[in-house]
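Peer 1: Chains as they are written, first to last, in the working numbering: chain A, 1 to 204; chain B, 1001 to 1204.
Here it is: the structure, laid out below.
Protein chains: 2
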Amino acid sequence: MQERAKATRRSLLEAAARLFAERGYAATSVNDISAGSGRTSGAVYFHYASKEGLAVAVVEDRFATWPQLAQRYADETVPPIERLVALSYDIARALVEDPVTRAGARLWTERATINAPLPHPFALWTAAATRLLAQARLAGQLRTQVRPACAARTLVCAFYGLCSFTEALDGAATVIDRLSDWWQLTLPSLRPPGHEDAGSPVPG
Amino acid sequence: MQERAKATRRSLLEAAARLFAERGYAATSVNDISAGSGRTSGAVYFHYASKEGLAVAVVEDRFATWPQLAQRYADETVPPIERLVALSYDIARALVEDPVTRAGARLWTERATINAPLPHPFALWTAAATRLLAQARLAGQLRTQVRPACAARTLVCAFYGLCSFTEALDGAATVIDRLSDWWQLTLPSLRPPGHEDAGSPVPG
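In structure tokens:
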């Protein structure tokens, strides 16, 4: 793709993300996106075919894929449970601060009103958390009762539910502190008896 | 109020709850509620003034108030953390099974689209959980690092987020099992060291 076409696609995607994150999908029109990006409506249809196409592109750009997390996930110099905790903060911060991630999360919540299948990251997160917990178990850093696959699924649901619901109830500014409180109520259950409070990776 | 008027109010409320729970607020009209209850649209306006009035009444009837939980909350023959866990199962079961509770929860989620302030139960739940955790602390049944008010707020957000998000992702039938998994990842963190697995109140 030519540089100019790439720049146009990007500016449409970012304008759409900003509007979807603020107003939601239904309240955002192709005209709003064209006005917000300084491009024509024709450019929206040329590059993304439809408002649905643009919604799928926004979700795929960040929320569903998280390419920026690969390096942290694979960093074997950090113990696996610490990596899991650090990943959760990376995600929570993006959900609070990054407009394209926020837009993806909001679009996924509104998926019933969007006439296109939207991808999501939860299966990927659960697989990653399962591997990290399995590594912790091999290293003797996991309570024996904790089964990695089952715990991973529950942690992903509780984590994402906590972030979404805390934001809805108390505002985005409270999410990171609430996440710290949650890890303090969860980590001792993951660690072997006698090591519950060992080397807390919770910042602050 | 006369018995006949009471019966009419109740049948309107239940028909509305069924429709709100299934289709959501925006997709349910006063005519649908009238048809679903076998009453006239005039009866809706006479008893509830508007669709908004009916939405508030549905939310207040169960979701925001939970009168059925008072007895279990106050049952001092049961240790406080066991009461907290039992209350969470009562709530989760109602959120899965009871149409009026489900309708209230869905309406609260859709509150941005409803032109009336909707009450919610979260401050009440947090206050109740704080008291139970404080009682557990007094009885020496709480890990010393756990601060009741802070933990209560986090547990309420994680619990409700978990239930909502598990249902959205994996369906209502998985909620109770996921809640058991969550308590197994949370209770050891609440209990004093050496008592993490004491007398698990998680059913099944």
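Yeah, the Cβ is synthetic: ideal placement off N, Cα and C, and Gly gets one too.
With the cut-off set at 8 Å, would you say Pro1117/B and Leu1133/B are in Cβ contact?
Peer 2: On the second sequence, residue 1117/B is found 117 positions in, with the first residue counted as 1. On the second sequence, residue 1133/B is found 133 positions in, with the first residue counted as 1. In this structure, Leu1133/B does not lie closer than 8 Å to Pro1117/B by Cβ.
Peer 1: Give the secondary structure of Asn31/A by DSSP, where H, G and I count as helix, E and B as strand, and everything else as coil.
Peer 2: The residue you call residue 31/A lines up with position 31 of the first sequence. Three-state result, Asn31/A: helix.
Peer 1: Verify whether the separation of the beta carbon atoms of Arg209/A and Arg106/A is less than 8 Å.
Peer 2: With chain A covering 1 to 204 only, the question about residue 209/A has no answer from this structure.
Peer 1: Given a threshold of 16 other Cβ atoms within 10 Å of its Cβ, counted over all protein chains shown, does Asp75/A qualify as buried or as exposed?
Peer 2: If you number the first sequence from 1, residue 75/A lands on position 75. By the Cβ-count criterion, Asp75/A is exposed, with fewer than 16 other Cβ atoms from all chains shown falling within 10 Å of its own Cβ.
Peer 1: Taking Arg178/A as the query, report the chain B residues whose CB atoms sit under 8 Å from its CB, ordered along the chain.
Peer 2: Taking the first sequence and counting its residues from 1, one reaches residue 178/A at position 178. Within chain B, the residues near Arg178/A are Arg1153, Thr1154 and Cys1157.
Peer 1: Count the other CB atoms, across all protein chains shown, that sit within 10 Å of the CB of Ser1034/B; report buried if there are 16 or more and exposed otherwise.
Peer 2: The residue labelled residue 1034/B in the question sits at position 34 within the second sequence. Flag for Ser1034/B reads buried.
Peer 1: Would you report the Cα separation of Thr1126/B and Ala86/A, rounded to the nearest angstrom?
Peer 2: Counting from one through the second sequence, the residue named residue 1126/B turns up at place 126. Counting from one through the first sequence, the residue named residue 86/A turns up at place 86. Approximately 28 Å between the Cα atoms of the pair.
Peer 1: The ligand GDP and Ala1158/B: does any heavy atom of the ligand fall closer than 7 Å to the residue's C-beta?
Peer 2: Here there are no bound small molecules, and the ligand GDP is not part of this structure.
Peer 1: Only counting the same chain, and skipping five residues up and downstream in sequence, which positions put a Cβ closer than 7 Å to that of Val156/A?
Peer 2: In the first sequence, residue 156/A corresponds to position 156, counting from 1. Within the same chain, Val156/A has close Cβ partners Phe122, Trp125, Thr126 and Ala129.
Peer 1: In chain order, what residues of the same chain have a beta carbon less than 8 Å from the beta carbon of Asn115/A, not counting five sequence neighbours either side?
Peer 2: Along the first sequence, read from residue 1 onward, the residue named residue 115/A stands at position 115. Only Glu52 meet the Cβ criterion.
Peer 1: Tell me where the alpha helix (DSSP H) around Ala1017/B begins and ends.
Peer 2: Position 17 of the second sequence, counting from 1, holds the residue named residue 1017/B. Its alpha helix (DSSP H) spans residues Glu1003 to Arg1023.
Peer 1: Throw me the rounded Cβ distance for the Ala172/A and Val96/A pair, which I believe falls under 8 Å.
Peer 2: Within the first sequence, numbered from 1, the residue matching residue 172/A stands at position 172. Within the first sequence, numbered from 1, the residue matching residue 96/A stands at position 96. Going by Cβ atoms, the distance from Ala172/A to Val96/A rounds to 5 Å, so yes, they are a contact pair.
Peer 1: Residues of the segment 1065-1095 of chain B with a CB closer than 9 Å to any CB of chain A: list them in chain order, please.
Peer 2: none
Peer 1: Using only the alpha-carbon positions, how far apart do Leu1084/B and Leu1187/B sit?
Peer 2: On the second sequence, position 84 is the one that residue 1084/B refers to. On the second sequence, position 187 is the one that residue 1187/B refers to. Taking the straight line joining both Cα atoms gives about 11 Å.
Peer 1: Under 8 Å, do Leu1013/B and Asp1061/B count as touching if we go by C-beta distance?
Peer 2: The residue given as residue 1013/B occupies position 13 in the second sequence. The residue given as residue 1061/B occupies position 61 in the second sequence. Cβ distance < 8 Å, so Leu1013/B and Asp1061/B count as in contact.
Peer 1: Counting only runs of 4+ residues fully inside the segment 46-120 of chain A, write out the alpha helix (DSSP H) ranges in chain order.
Peer 2: 51-61, 70-74, 80-97 and 99-109
Peer 1: With the cut-off set at 8 Å, would you say Ala21/A and Arg111/A are in Cβ contact?
Peer 2: Start at 1 with the first residue of the first sequence, and residue 21/A comes out as number 21. Start at 1 with the first residue of the first sequence, and residue 111/A comes out as number 111. No, the pair does not count as a contact, with Cβ atoms beyond the cut-off.
Peer 1: Using DSSP with H/G/I as helix, E/B as strand and the rest coil, what is Val1156/B?
Peer 2: Along the second sequence, read from residue 1 onward, the residue named residue 1156/B stands at position 156. Three-state result, Val1156/B: helix.
Peer 1: May I ask which residues mark the beginning and end of the alpha helix (DSSP H) holding Val175/A?
Peer 2: By one-based count along the first sequence, residue 175/A stands at place 175. Taken as a continuous stretch (DSSP letters only), the alpha helix (DSSP H) holding Val175/A covers Val175 to Gln184.
Peer 1: Can you give me the start and stop residues for the alpha helix (DSSP H) that Arg1137/B sits inside?
Peer 2: In the second sequence, the residue the question calls residue 1137/B occupies position 137. Annotation: the continuous alpha helix (DSSP H) that includes Arg1137/B extends over Phe1122 to Leu1138.
Peer 1: Helix, strand or coil for Gly204/A, going by three-state DSSP, please let me know.
Peer 2: By 1-based counting over the first sequence, the position of residue 204/A is 204. Summary for Gly204/A: the model assigns pLDDT 46, below 50, so the residue's position carries little reliability, and this model does not support an answer.
Peer 1: Write down the C-beta distance between Glu1064/B and Val1175/B rounded to the nearest angstrom, noting that I regard them as a contact closer than 8 Å.
Peer 2: Looking up residue 1064/B in the second sequence gives position 64. Looking up residue 1175/B in the second sequence gives position 175. For clarity, residue 1064/B is Ala in the given sequence; the question names Glu instead. 20 Å between Cβ atoms; not a contact.
Peer 1: Whose CA, out of Ala1055/B, Arg1009/B, Gly1024/B and Glu1082/B, lies closest to the CA of Thr1040/B?
Peer 2: Within the second sequence, the letter at position 40 stands for residue 1040/B. Out of Ala1055/B, Arg1009/B, Gly1024/B and Glu1082/B, Arg1009/B has the C-alpha closest to the C-alpha of Thr1040/B.
Peer 1: Spatial neighbours of Tyr73/A within its chain, please: CB distance less than 7 Å, with the 5 preceding and 5 following residues excluded, ordered by chain position.
Peer 2: Here residue 73/A refers to the residue found at position 73 of the first sequence. Only Arg83, Leu87 and Ala128 meet the Cβ criterion.
Peer 1: Give the residues from the segment 1181-1198 of chain B that approach chain A closer than 8 Å (Cβ to any Cβ), ordered along the chain.
Peer 2: Within the segment 1181-1198 of chain B, the residues whose Cβ lies closer than 8 Å to some Cβ of chain A are Asp1181, Trp1182, Gln1184, Leu1185, Thr1186, Leu1187, Pro1188, Ser1189, Leu1190, Pro1193, Gly1194, Glu1196 and Asp1197, listed in chain order.
Peer 1: First and last residue of the alpha helix (DSSP H) that includes Leu187/A?
Peer 2: Numbered from 1 along the first sequence, position 187 holds the residue referred to as residue 187/A. Leu187/A -> alpha helix (DSSP H) spans Leu187 to Leu190.
Peer 1: For Thr166/A, which of helix, strand or coil comes out of DSSP?
Peer 2: As a first step, residue 166/A is located in the first sequence; it is residue number 166 there, counting from the start. Three-state DSSP puts Thr166/A in a helix.
Peer 1: List, in order along the chain, the chain A residues whose C-beta lies closer than 8 Å to that of Tyr1160/B?
Peer 2: On the second sequence, residue 1160/B is found 160 positions in, with the first residue counted as 1. The contacting residues are Gly161 and Phe165.
Peer 1: Could you list which residues in chain B have their beta carbon closer than 7 Å to that of Phe122/A, in chain order?
Peer 2: The residue labelled residue 122/A in the question sits at position 122 within the first sequence. Ordered by position in chain B, the residues that pass the 7 Å Cβ test against Phe122/A are Leu1169.
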